[in-house]
Amino acid sequence: MKFTEHRDSNVLTVRQYQPGLVKINELQIQKSCFFNQKTLIQDWPCRAIEDLNETLLDDILALQPEVIILGTGENQIFPAPKLFAYCAQKGIGLEVMDNAAACRTYNVLTTEDRPVVLALIFGKALEN
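Residue numbers for the sequence shown follow our numbering, so the first one is 1 and each next one is one higher.
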């Protein structure tokens, strides 16, 4: 699925998403990652929703988002309730959806210049 471009070409946006692959600007990524408008962290060590913990969330929180959009693969899978509470205690929203919806939502929020981070989980079965 193709996405529209952000007005500022220096901003990191999702250009294309398909199962097992996301194209961020001109870079194709096939492993779990997270990013905001200016910073991309590749090869994030979260390969399944069960891997997600406070330490991995702290890596994302270092980018100081207002909201984290968490893509959990091809299906929406909710993390442990304690992780929602962890983010809420820090005043950060955690929204969970499948990767395609997460990519679309991130692009909409970033065009509004919202401080948002998109975290995408690509499972072990999809790695090369």
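Here a beta-carbon is modelled for each residue, glycine too, at the ideal position from N, C-alpha and C.
- Within the region 12-78, the complete alpha helix (DSSP H) segments of 4 residues or longer fall at 54-61, listed in chain order.
- Between isoleucine 69 and tyrosine 106 the beta-carbon gap is near 5 Å, inside 8 Å, which marks them as a contact.
- The three-state reading of DSSP puts alanine 80 in coil, since its state is none of H, G, I, E or B.
- A straight line joining the alpha-carbon of aspartate 43 with that of aspartate 51 spans about 14 Å.
- Inside the region 83-128, DSSP marks whole alpha helix (DSSP H) runs of 4 or more residues at positions 99-111, from first to last along the chain.
- Each residue's CA atom was taken as its position, placing alanine 119 and cysteine 33 some 6 Å apart.
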